[in-house]
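Anchor point for the sequence shown: position 116 equals 115 in numbering that gives the first Met the number 0, and the numbering is continuous, going up by one each time.
Backbone N, C-alpha and C fix where the C-beta goes; we use that ideal spot for every residue, glycine too.
Remember, predicted model here, so these are calculated numbers, not experimental data.
Have a look at the structure below, then the notes.
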Amino acid sequence: MVKNRWAFALIGLCLVWRLTRLFLDFPIWGDEAMVAINFFDASYADLFQPLEYGQIGPLGWLWLEKLMFDIGGGSLFMLRLPSFVAGAVSVLVFWRVAQKVVEPRAALFSLAIFCASYYPMRYSIEVKPYAFDLLIALLLIESSLSSAPKKFFVVAALGIFFSLPSMFVVAGCGLYLYYNLSAQRNLLFIGGVLLIAEYTWMTISFTSPHAEAASWLHEMDMWVTAFPPISEWWTVPSWLIERHAGYMSAYPTGGRHFGSSATLLLQILGVLVLWRQQRKSQLALLYGSLPFLFIAAAIQAYPYGGSVRVAIFLAPAICICAAVGLERLLPSPRATAVVVIAMLLFITGGILKDINQPYKTISDQDCVQFVQLLEITVDENTTLVVDVAGVDEEQATNFLEHGGGLARLRYLLRRELNKDLVLPQSLASGNSDKNVVRIHYTDHDTVPTLR
């Protein structure tokens, strides 16, 4: 009963954290804006084509967000609502999964780590598909643990429309079911063939064209290191350690440059404990997506770490195994209350921080105020021209070159003033100076100014 009360407290406060952040209505930031800017002009059919700013999202999720955009008139609350629902459901499904995989005390520890984790909370309140990546992964794992292949196939078939990396989890879970349900292997084989056909069609018709249009992403510093150095194969082991000790294991928190080493060490200890307890099948299920993720990274089709979000489907494995390791280090029953209270305090601190600082960066808040001031300056005949610092007018050929900060400004202008920015060389020769307002833009961390 005590453990159940702790679990209710963790789940309750975790949901309060998400609700608080949702209703604080953080200003839109660059990554969200690069997705949301597409919804102003694109139809549902247009979303099948490559998106502006090289954004790649699952088709079902894009359609859902477009629906929320149309219903809410561009309201951020409405755009973030699907992620919130997915994130809230994920908390409940995670608790169910943890109780099926490990003993009650370790399950409680894993719930504490998961509920206190910053990144699952954050991505459940953003206009990005990562909350769905986590939810689909949890549903696939839960259906596999329940030995429910029909439920698994339904989730898997729908999952590709809401989570691009779900195919890694589907592959791992599918092998788990095939090994453990020998009496239903014919059904599993047929279902697997149908899923492969569906995924192949989706990859050829949708995902690949989007990826090709965003091929420049591979040149970004954060993604270059997210692909294994196959040509220098002897460095792959150290590269893997660095990946897993970085953002991939940032639960409840962590960072790059071995910032999540403690969680990784707890994970390793937890894996060893479960292995000795003859829970190899559960380990294979939890980490079954890893080999497929590595193969995709090796051919530079999908990044291996680099940030929490691209591997958030590994959260169940990381939190559960880290919790098992933590339980082994803290066997005393008194430690249970200490760990849970510590995580509750961590969540409380997150809530207070969000209330005190209701924005991701101060420039997000300042950009909103800039657009509000601009509203009294322009009229329906005004043309808004952007001058980008350090870029010659002849060289400024598209908005993509200027990233999320400019996308944030464009989104706010479209929503509040029904106006988009114009690049200098696109300015119509007939416009007189009195109908033109020039906006000086420096970078994503700086508030734009009028010139």
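Candidates the options: which alpha carbon is nearest residue i's?
i, options, result
"Leu-61", "Val-90, Val-126 and Leu-110", "Val-126"
"Gly-86", "Leu-50, Gln-54, Ser-123 and Leu-107", "Ser-123"
"Pro-26", "Lys-418, Val-370 and Ser-146", "Val-370"
"Asp-363", "Asp-24, Phe-7, Leu-18 and Arg-4", "Asp-24"
"Pro-128", "Leu-63, Tyr-440 and Ala-6", "Leu-63"
"Asp-45", "Pro-315, Asn-185 and His-209", "His-209"
"Ser-145", "Phe-39, Gln-281, Ser-42 and Ala-196", "Gln-281"
"Val-307", "Thr-335, Gln-356, Gln-277 and Gly-253", "Gly-253"
"Gln-299", "Lys-279, Ala-213 and Tyr-286", "Ala-213"
"Tyr-52", "Thr-202, Leu-329 and Glu-211", "Glu-211"
"Leu-264", "Ala-196, Ile-319, Glu-379 and Ser-230", "Ile-319"
"Val-192", "Trp-222, Ile-203, Ser-181 and Ala-156", "Ala-156"
"Glu-374", "Asp-419, Pro-332 and Ala-334", "Asp-419"
"Gln-266", "Asp-69, Leu-328 and Trp-232", "Leu-328"
According to DSSP, is residue i part of a helix, a strand, or is it coil?
i, result
"Tyr-256", "As written in the sequence, residue 256 is His, which differs from the Tyr given in the question. Looking at His-256 - three-state DSSP - the assignment turns out to be coil, as it is neither helix nor strand."
"Tyr-440", "strand"
"Leu-78", "helix"
"Leu-144", "helix"
"Glu-9", "In the sequence as presented, Glu is not what sits at residue 9; that position holds Leu. The answer is helix: DSSP assigns Leu-9 an H, G or I state."
"Val-126", "coil"
"Leu-420", "strand"
"Val-435", "strand"
"Gln-281", "helix"
"Leu-163", "coil"
"Glu-102", "coil"
"Asp-24", "coil"
"Ser-288", "coil"
Given residue i, which residues of its chain have a CB within under 7 Å of its CB, disregarding the five upstream and five downstream residues?
i, result
"Val-323", "Val-101, Ala-105, Gly-269, Val-272 and Leu-273"
"Trp-16", "Met-120, Ile-346, Gly-349 and Ile-350"
"Tyr-198", "Ile-159 and Met-166"
"Arg-255", "Gly-245 and Tyr-246"
"Trp-238", "Pro-227 and Pro-228"
"Met-67", "Met-77, Leu-78, Leu-80 and Pro-81"
"Lys-489", "The shown model of the chain, from 0 to 450, leaves out residue 489, and the question about it has no answer."
"Phe-205", "Phe-47 and Leu-58"
"Asp-40", "none"
If you measure between the beta carbons of residue i and residue j, is that distance less than 7 Å?
i, j, result
"Thr-262", "Ala-321", "yes"
"Leu-9", "Ala-111", "yes"
"Val-421", "Val-384", "yes"
"Gln-98", "Pro-148", "no"
"Leu-137", "Val-154", "no"
"Cys-13", "Val-88", "no"
"Ser-288", "Val-168", "yes"
"Pro-302", "Phe-161", "no"
"Thr-382", "Asn-417", "no"
"Tyr-175", "Ala-283", "yes"
"Glu-326", "Phe-108", "yes"
"Asp-30", "Phe-312", "no"
"Pro-73", "Arg-414", "Strictly speaking, residue 73 in this sequence is Gly, with Pro absent from that position. Yes. Within cutoff."
"Ala-32", "Arg-407", "yes"
"Phe-93", "Phe-113", "yes"
"Ala-249", "Ser-260", "no"
"Gly-304", "Ala-310", "yes"
"Trp-5", "Val-338", "no"
"Tyr-440", "Leu-411", "no"
"Asp-353", "Thr-19", "yes"
"Tyr-177", "Leu-187", "yes"
"Ala-314", "Leu-285", "no"
"Lys-150", "Ser-143", "no"
Excluding the 5 residues flanking residue i on each side, which residues of the same chain have their C-beta closer than 6 Å to its C-beta?
i, result
"Ala-115", "Pro-251, Met-342, Phe-345 and Ile-346"
"Thr-234", "Pro-228"
"Leu-50", "Asn-37"
"Gly-190", "Phe-152"
"Ala-295", "Tyr-301"
"Val-367", "Pro-26"
"Gln-54", "Met-33 and Val-34"
"Leu-163", "Pro-57"
"Leu-194", "Ala-155"
Considering only residues of the same chain and omitting the five flanking positions on each side of residue i, which have a CB-CB separation below 8 Å?
i, result
"Phe-257", "Glu-241, Ala-244 and Gly-245"
"Phe-291", "Met-166, Phe-167, Ala-170 and Gly-171"
"Gly-71", "Met-77 and Leu-78"
For residue i, would you say it is in contact with chain B, using Cβ-to-Cβ distances shorter than 7 Å as the test?
i, result
"Arg-333", "This model lacks chain B altogether, as it is built from one protein chain only."
Should residue i be counted as a contact of the ligand MN given a C-beta to heavy atom distance under 6 Å?
i, result
"Thr-347", "This structure does not include the ligand MN; it has no bound ligands of any sort."
Write down every uninterrupted run of the alpha helix (DSSP H) in the stretch 301 to 385 whose length is 4 residues or greater and which is fully enclosed by it, in chain order.
314 to 328, 333 to 355 and 361 to 373
Would you mind listing the alpha helix (DSSP H) stretches within the stretch 30 to 69 that are 4+ residues and don't spill past its ends, in chain order?
none
Entirely within the stretch 180 to 228 and at least 4 residues each: give me those alpha helix (DSSP H) ranges in chain order.
Within the stretch 180 to 228, the complete alpha helix (DSSP H) segments of 4 residues or longer fall at 184 to 201, 207 to 212 and 220 to 223, listed in chain order.
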